[in-house]
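In this text, residue positions in the sequence shown follow the working numbering: the first is 304, and each later residue adds one. Cβ atoms here follow ideal geometry from the backbone N, Cα and C, with glycine treated the same way. Remember, it's a predicted structure, so these values are computed and weren't measured experimentally. Structure, as structure tokens:
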Amino acid sequence: MNLHHLSIFHAIAETGSISAAARRLHISQPALSRELKTFEERLNVPLFERVPRGMRLTQAGRVLHEHATRLFAIEHAAEAAIREIAEARSGRLTLGASNTIGTYVLPRILAGMRTQHPDIDITLFVGNTEQVSRGVVDLRFMLGFIEGPLHLEGLSAITFEEDELVPVVAKNDPLLARRRPTIEDIARQPLLMRERGSGTREVITTLLRERGIKESPRIMEFGNTEALKQAAIHGGGVAWLPRICMHAELRDGVLCELGLKSLHIRRPLKVLYRSSTQAAPLQRAFLERLQPGLGARI
């Protein structure tokens, strides 16, 4: 039994005649009659009784018609589901993002996406650059968003925005009393850093190394940017924080920038994807909300 023969049978059963079924399927009547005969011979049972005013289902035909109706209803539902995915109206979106992007950039985009597409299931994992990159490689995330360098093969990255890491201290930190604190002054202070594996930690460590400064043994590590920011606010030491996460704190004077522009770090924010995989419509729709034209670049 194949779907071609089953569709012919179903059309005849639904329309009640060979001629009407032929018109529905855009097949000639003789060709359709031959296909029906082949189907009945293959099943070794008659499916219709030929009556003067059309075709009437036999007992076997009625049983098969019931199953065929359910089968083609599933087919139509499958077509509709795939069409909705192709038009980015439904489906599942799994994303991984490193801390700054996952906390301060994507939530607004995701909320707007969900409002416009209420039938979409969205999952966002927030971790460090290493965890996100590995998740994209392992197919756990459709897309990844990172702030640090990319080290894994099989992945491609496109920059969609830039951010700045700024060295800051609490408003009453003694460093602020000095007219021009030096790099060495800062290096002697307690440093507040993200954990190893974080892209932010990697770029800061690289910057200090390039300035001839060894990583201080007086380091306090934090697993996310918000905890790091709170530690800086309460006088824990020097922290490099994304400007995007502390607009209010800088405006209100709760945190203060250290004046050494040479210690400011410009870094790209990147979308990460598997090089060998074409982005699905839902992924492209999300990227277009993030930045117009971005979806067409992947």
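Thinking C-beta only, is residue j closer than 8 Å to residue i?
{"i": "Ile-449", "j": "Val-440", "result": "no"}
{"i": "Gln-586", "j": "Leu-396", "result": "yes"}
{"i": "Pro-470", "j": "Leu-563", "result": "yes"}
{"i": "Ala-363", "j": "Leu-350", "result": "yes"}
{"i": "Ile-507", "j": "Met-523", "result": "no"}
{"i": "Phe-312", "j": "Leu-367", "result": "yes"}
{"i": "Arg-359", "j": "Glu-352", "result": "yes"}
{"i": "Ile-412", "j": "Gly-394", "result": "no"}
{"i": "Val-574", "j": "Phe-463", "result": "yes"}
{"i": "Asp-488", "j": "Arg-481", "result": "yes"}
{"i": "Ser-578", "j": "Gly-405", "result": "no"}
{"i": "Ser-331", "j": "Ala-325", "result": "yes"}
{"i": "Asp-308", "j": "Phe-342", "result": "According to the sequence as given, residue 308 is His; it is not Asp. Yes."}
{"i": "Ala-302", "j": "Ile-516", "result": "In the structure displayed, the chain extends from 304 to 601; residue 302 sits before or after that span and is not available."}
{"i": "Leu-446", "j": "Tyr-576", "result": "yes"}
{"i": "Ser-320", "j": "Gly-357", "result": "yes"}
{"i": "Ala-316", "j": "Arg-327", "result": "no"}
On the DSSP bridge list, what partners appear for residue i?
{"i": "Leu-458", "result": "Arg-577"}
{"i": "Met-358", "result": "Arg-353"}
{"i": "Glu-465", "result": "Pro-571"}
{"i": "Cys-653", "result": "This structure cannot settle anything about residue 653, because the visible part of the chain is limited to 304 through 601."}
{"i": "Arg-497", "result": "Phe-525"}
{"i": "Leu-479", "result": "BP columns for Leu-479 are empty, so no partner."}
{"i": "Thr-426", "result": "Thr-397"}
{"i": "Val-541", "result": "Leu-494"}
{"i": "Leu-446", "result": "Leu-398"}
Assuming residue i and residue j form a contact by the criterion Cβ under 8 Å, report the distance between their Cβ atoms to the nearest whole angstrom.
{"i": "Asp-466", "j": "Ile-536", "result": "Incorrect: roughly 20 Å between the Cβ atoms, too far for contact."}
{"i": "Gly-438", "j": "Gly-399", "result": "4 Å"}
{"i": "Pro-545", "j": "Leu-427", "result": "In fact, because the Cβ distance is near 18 Å, the residues do not count as touching under 8 Å."}
{"i": "Gly-540", "j": "Pro-493", "result": "3 Å"}
{"i": "Leu-561", "j": "Leu-478", "result": "7 Å"}
{"i": "Gly-430", "j": "Ser-401", "result": "7 Å"}
{"i": "Thr-528", "j": "Thr-432", "result": "Actually they are not in contact, since the Cβ atoms of Thr-528 and Thr-432 sit about 13 Å apart, beyond 8 Å."}
{"i": "Arg-337", "j": "Ile-461", "result": "That pair is no contact at about 56 Å."}
Going by alpha carbons, who is nearest to residue i out of the options?
{"i": "Ile-568", "options": "Arg-554, Arg-514 and Arg-577", "result": "Arg-514"}
{"i": "Leu-553", "options": "Pro-571, Pro-410, Ala-473 and Leu-339", "result": "Ala-473"}
{"i": "Ala-551", "options": "Tyr-407, Arg-386 and Glu-343", "result": "Tyr-407"}
{"i": "Glu-505", "options": "His-329, Leu-453 and His-420", "result": "Leu-453"}
{"i": "Met-304", "options": "Asn-347, Pro-410 and Pro-421", "result": "Asn-347"}
{"i": "Ile-486", "options": "Gly-502, Arg-512 and Ser-501", "result": "Arg-512"}
{"i": "Pro-584", "options": "Ile-385, Thr-372 and Thr-318", "result": "Ile-385"}
{"i": "Phe-375", "options": "Leu-306, Pro-355 and Ala-534", "result": "Leu-306"}
{"i": "Leu-593", "options": "Met-549, Ser-501 and Leu-409", "result": "Leu-409"}
Contact between the segment 409 to 424 and the segment 589 to 596: three or more CB pairs below 8 Å?
yes
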